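A.B. asks:
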Amino acid sequence: METPEEHGMGTHVYHLYVIKLKNQKIRDRLQLYLAENGISTVLHYPIPVHLQEAYNFLGHKVGDFPRTETNSNTILSLPMFPGITDKEIIKVVESIKEFFS
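For the sequence shown, position 12 (counting from the first letter as 1) is numbered 46 according to our numbering, and the numbering increases by one without interruption.
(1) Taking 7 Å as the cut-off, decide whether the C-beta atoms of residue 107 and residue 58 are in contact.
(2) Would you identify the three-state DSSP class for residue 135, choosing helix, strand or coil?
(3) Where does the unbroken beta strand (DSSP E) through residue 111 begin, and where does it stop?
(4) Hey, out of 135, 134, 111, 128, whose CA is closest to residue 74's CA?
(5) Drop a sphere of 10 angstroms on the beta-carbon of residue 116, count the other beta-carbons inside from all chains shown, and report buried for 16 or more, exposed for fewer.
(6) For residue 128 and residue 37, I'd like the C-alpha separation in whole angstroms.
(7) Nearest CA to the CA of residue 135: which residue from 64, 103, 92, 100?
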């Protein structure tokens with residue numbers, strides 16, 4: 035699992051907190067596990083941008099941007115909002131640890 039990195043040039047506001055899993059199967063299983071434990075997650079950009087209907091006029095096809103397609107299938111947005119509490123963050127972290135143990 036990969037988490038966002040900060041590079042020391044400032045701090046991130048984390049509008050989204052997106053993790054990347056090894057593959058789509060693990061991503062989907064983790065999303066289901068978290069939902070079963072009362073934790074909502076979101077799949078942002080489930081369709082890669084270059085394959086979305088709004089961009090059909092560009093003529094891109096599956097395989098044109100393989101990294102984008104892989105990321106689209108393996109990323110998961112965890113709960114992130116201004117009022118998230120430490121207790122809620124700990125629940126998410128502990129649930130992910132349990133999933134992978």
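Built from N, CA and C at the ideal position, the CB exists for glycine as well.
Just so you know, these numbers come straight off a predicted model, no measurement behind them.
C.D. replies: The relevant details are as follows:
(1) Position 73 of the sequence shown, counted from the first residue, corresponds to residue 107. Position 24 of the sequence shown, counted from the first residue, corresponds to residue 58. Yes, they are a contact pair.
(2) Along the sequence shown, read from residue 1 onward, the residue named residue 135 stands at position 101. Residue 135 falls in the coil class under three-state DSSP.
(3) Counting from one through the sequence shown, the residue named residue 111 turns up at place 77. 109 to 112 is the extent of the beta strand (DSSP E) around residue 111.
(4) Within the sequence shown, numbered from 1, the residue matching residue 74 stands at position 40. Comparing Cα positions, the closest option is 111.
(5) The count along the sequence shown starts at 1 and reaches residue 116 at position 82. With fewer than 16 other Cβ atoms within 10 Å, it is exposed.
(6) What you label residue 128 is simply residue 94 of the sequence shown in a count that begins at 1. What you label residue 37 is simply residue 3 of the sequence shown in a count that begins at 1. If you take the alpha carbons of residue 128 and residue 37, they lie about 15 Å apart.
(7) Here residue 135 refers to the residue found at position 101 when the sequence shown is read from its first residue. That would be 64, whose Cα lies nearest to the Cα of residue 135.
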